[in-house]
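See below for the structure under consideration.
There are 2 protein chains.
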Amino acid sequence: MRYHKIPDETVRRLPIYLRGLMVSADQEREHISSQSLASFVGIEAWQIRKDLSYFGDFGTPGVGYNIYRLARGIKKTLRLDVIRRAALVGVGDLGSALLAYPGFRVYGLDIVAAFDIDPQKIGSTVNGVAIENAAQLDTLRRRDISLAIVAVPRDAAQATVDSLVAAGVKGILNFAPCKLVAARRIKVITLDIAMELARLPYYMPRAEQAAETVLKMDDG
Amino acid sequence: MRYHKIPDETVRRLPIYLRGLMVSADQEREHISSQSLASFVGIEAWQIRKDLSYFGDFGTPGVGYNIYRLARGIKKTLRLDVIRRAALVGVGDLGSALLAYPGFRVYGLDIVAAFDIDPQKIGSTVNGVAIENAAQLDTLRRRDISLAIVAVPRDAAQATVDSLVAAGVKGILNFAPCKLVAARRIKVITLDIAMELARLPYYMPRAEQAAETVLKMDDG
DNA sequence: CCATGTGAAGGTATTCACAGCC
DNA sequence: GGCTGTGAATACCTTCACATGG
Numbered sequence: 196m197r198y199h200k201i202p203d204e205t206v207r208r209l210p211i212y213l214r215g216l217m218v219s220a221d222q223e224r225e226h227i228s229s230q231s232l233a234s235f236v237g238i239e240a241w242q243i244r245k246d247l248s249y250f251g252d253f254g255t256p257g258v259g260y261n262i263y264r265l266a267r268g269i270k271k272t273l274r275l276d277v278i279r280r281a282a283l284v285g286v287g288d289l290g291s292a293l294l295a296y297p298g299f300r301v302y303g304l305d306i307v308a309a310f311d312i313d314p315q316k317i318g319s320t321v322n323g324v325a326i327e328n329a330a331q332l333d334t335l336r337r338r339d340i341s342l343a344i345v346a347v348p349r350d351a352a353q354a355t356v357d358s359l360v361a362a363g364v365k366g367i368l369n370f371a372p373c374k375l376v377a378a379r380r381i382k383v384i385t386l387d388i389a390m391e392l393a394r395l396p397y398y399m400p401r402a403e404q405a406a407e408t409v410l411k412m413d414d415g
Numbered sequence: 196m197r198y199h200k201i202p203d204e205t206v207r208r209l210p211i212y213l214r215g216l217m218v219s220a221d222q223e224r225e226h227i228s229s230q231s232l233a234s235f236v237g238i239e240a241w242q243i244r245k246d247l248s249y250f251g252d253f254g255t256p257g258v259g260y261n262i263y264r265l266a267r268g269i270k271k272t273l274r275l276d277v278i279r280r281a282a283l284v285g286v287g288d289l290g291s292a293l294l295a296y297p298g299f300r301v302y303g304l305d306i307v308a309a310f311d312i313d314p315q316k317i318g319s320t321v322n323g324v325a326i327e328n329a330a331q332l333d334t335l336r337r338r339d340i341s342l343a344i345v346a347v348p349r350d351a352a353q354a355t356v357d358s359l360v361a362a363g364v365k366g367i368l369n370f371a372p373c374k375l376v377a378a379r380r381i382k383v384i385t386l387d388i389a390m391e392l393a394r395l396p397y398y399m400p401r402a403e404q405a406a407e408t409v410l411k412m413d414d415g
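Residue numbers (the working numbering), protein chains in the order written: chain A, 196 to 415; chain B, 196 to 415.
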């Protein structure tokens, strides 16, 4: 399986395994079986083994996976083996929360710059990061920042992306609720929070009203 | 196709169409073709037609889709045709940002209650929503709130979910970076923001360092 | 004996191409 | 002529079962 392209769905699950391994690493044990990891992260054991088989022999039959070695392997595959510097554009409510969020560090991701257009915000510091004028986005290239988070209002999102791409950014995580266009070589992942909440009701059993209706029907 | 189960991937795309239709509705036109909607939301036209075919005949050949009627149809399918009341647990940086976020309204979702354990926060108001004591989560049932957003630290997430389920909540959007267990009938969607950012590097072309390495190899 | 890694089977989603309707 | 809705083909992903190796 070593020569096979890694399926997108596997790439989506790798960070989950990594997260699980990090937490497991705190325990004393040096190895972990696909079975243990499975119950910890909530994904079936055979799925984990299959996923890992796409890019390396990390396990030892009869023993399991060396936690440290596997974590390294996944990081390398995801290209998270170097510290990645990221920029944030848009320091509103969500942007500020992201600056304060400690979770990125786990993956070797570091928000080292923040931009906004509000003169009131420019110059101030949020969580140790100075807020710069969004007009200076073009400085990103020489600062070796190729990853960006877009947390600006929808109407400003496309222009922001254009500036980021011009500044040499190669990957963008977008929180604005709209489609963004960029050259094929640029990877854009859009994460619309409201949309995730919006698909919950579909999976929920019919609400109280429905139950009430059933009761009434029984009564009648 | 009307009798077929709607694929999960279709359910995931429906909110995108809905979002696109809402914005399109501002224009004068009454109808929209799968082609126009496709270029607007960034999904292929045949994919849209196929998705819509799973749950109704909304289009008119030669004309397109009536924007209003289609939006209604999608809302009904996603069970977003009634206003849904949601509760937020954990009013930290992210939680506060979510309270301020206007995007939920588009889908008929309304955060009407917020909870925290910090005495400093309890009693205060954020964006018009009073922050209550998290110990009072059990009041959700009689307040007709069956949707919840979990934005508490990882260590508190599972206990929060347990309380929510006990309080009659049927759907949970979780921002804590961990697996959560709940009865099968409860739908839990976990959204780990850092994880999304973490899979960006995989799709990015090799960084400057790599390019340099190649150059050196050429030199040697 | 235990746990991995993987062919093969089965299932689901994507993509195509076009018949049918306005 | 234009556009929808959908069977059929294709591609992709999941799931199983077991051969293989420590």
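Heads up, the beta-carbon is just placed ideally off N, CA and C, and yes, glycines get one too.
Source: prediction; values computed, not measured.
For Gly366 of chain A, the nearest beta carbon of chain B is closer than 8 angstroms to its own beta carbon.
If you look at Ala295 of chain B, you'll find it in the alpha helix (DSSP H) that goes Asp288 to Ala295.
With a contact defined as Cβ atoms closer than 8 angstroms, Val360 of chain B and Ala352 of chain B miss out at about 13 angstroms. Taking the Cβ atoms as the reference, Ile201 of chain A lies roughly 18 angstroms from Val236 of chain A, outside the contact range of under 8 angstroms.
Look at the stretch 310-368 of chain A and you find these whole runs of alpha helix (DSSP H), each 4 residues long or longer: 349-361. Close partners of Phe299 of chain B in chain A (Cβ separation under 7 angstroms): Ala389 and Leu392.
Listed in chain order, the non-local C-beta contacts of Phe310 of chain B below 8 angstroms within the same chain comprise Ala282, Leu283, Val284, Gly285, Val286, Ile326, Glu327, Asn328, Ala329, Gln331 and Leu332, local neighbours out to five positions each way being set aside.
In this structure, Tyr260 of chain B lies near Ile227 of chain B, with their beta-carbon atoms less than 8 angstroms apart. According to DSSP, residue pairing for Thr385 of chain A in a beta bridge involves A:Asn369. For the stretch 328-351 of chain A, the residues whose beta carbon sits under 8 angstroms from a beta carbon of chain B are, in order, Asp339, Ser341, Leu342 and Ile344.
Where Leu247 of chain B is concerned, the enclosing alpha helix (DSSP H) starts and stops at Ala240 to Ser248. Less than 8 angstroms separates the beta-carbon of Leu375 of chain A from that of Val383 of chain A.
Sequence-distant partners of Asn322 of chain A (beyond 5 residues in either direction) whose C-beta falls short of 7 angstroms from its own C-beta, in its chain, are Leu294 and Ala295. B:Arg279 is the residue among B:Arg279, B:Gly251, B:Gly254 and B:Leu232 whose C-alpha sits nearest the C-alpha of Arg394 of chain A. Distances from the alpha-carbon of Tyr302 of chain A to those of A:Ser319, A:Ser341, A:Ile312 and A:Ile269 put A:Ile269 closest. In the DSSP annotation of this structure, Val236 of chain A is not part of any beta strand (DSSP E); the continuous alpha helix (DSSP H) holding it starts and ends at Ser229 to Val236. With a cutoff of 8 angstroms on beta-carbon distance, Ala362 of chain B and Arg336 of chain B are scored as near each other. Counting the other CB atoms within 10 Å of its CB gives Asp252 of chain A a total below 16, which places it among the exposed residues. Thr205 of chain B counts as buried, since at least 16 other C-beta atoms from the protein chains shown sit within 10 angstroms of its C-beta.
When the Cα atoms are used, Ala240 of chain A and Asp246 of chain A turn out to be separated by approximately 10 angstroms. A direct Cα-to-Cα measurement between Asp357 of chain B and Tyr397 of chain A gives close to 21 angstroms. Residue pairing for Ala378 of chain A: DSSP places it in no beta bridge.
Sixteen is the threshold: when 16 or more other Cβ atoms of the shown chains lie within 10 Å of the Cβ of Thr385 of chain A, as they do, the residue is buried. Listed along chain A are Val206, Leu273 and Arg274, each with a C-beta nearer than 7 angstroms to that of Tyr397 of chain B. In this structure, DSSP gives Gly259 of chain B an extended state, which the three-state scheme calls strand. Around the C-beta of Pro297 of chain A, fewer than 16 other C-beta atoms lie within 10 Å, and the residue is accordingly described as exposed. A check of alpha carbon separations from Phe250 of chain B across B:Thr272, B:Asp313 and B:Met399 identifies B:Thr272 as the nearest. C-alpha of Val307 of chain B to C-alpha of Ala389 of chain A: approximately 15 angstroms in a straight line. Leaving aside the five residues that flank Thr255 of chain B on each side, the residues in its chain whose CB is nearer than 8 angstroms to its CB run, in chain order, His226 and Asn261. Taking CB atoms only, Ala354 of chain A has no neighbour in chain B less than 8 angstroms away. Here the C-alpha atom of Ala233 of chain B lies approximately 34 angstroms from the C-alpha atom of Asp313 of chain A.
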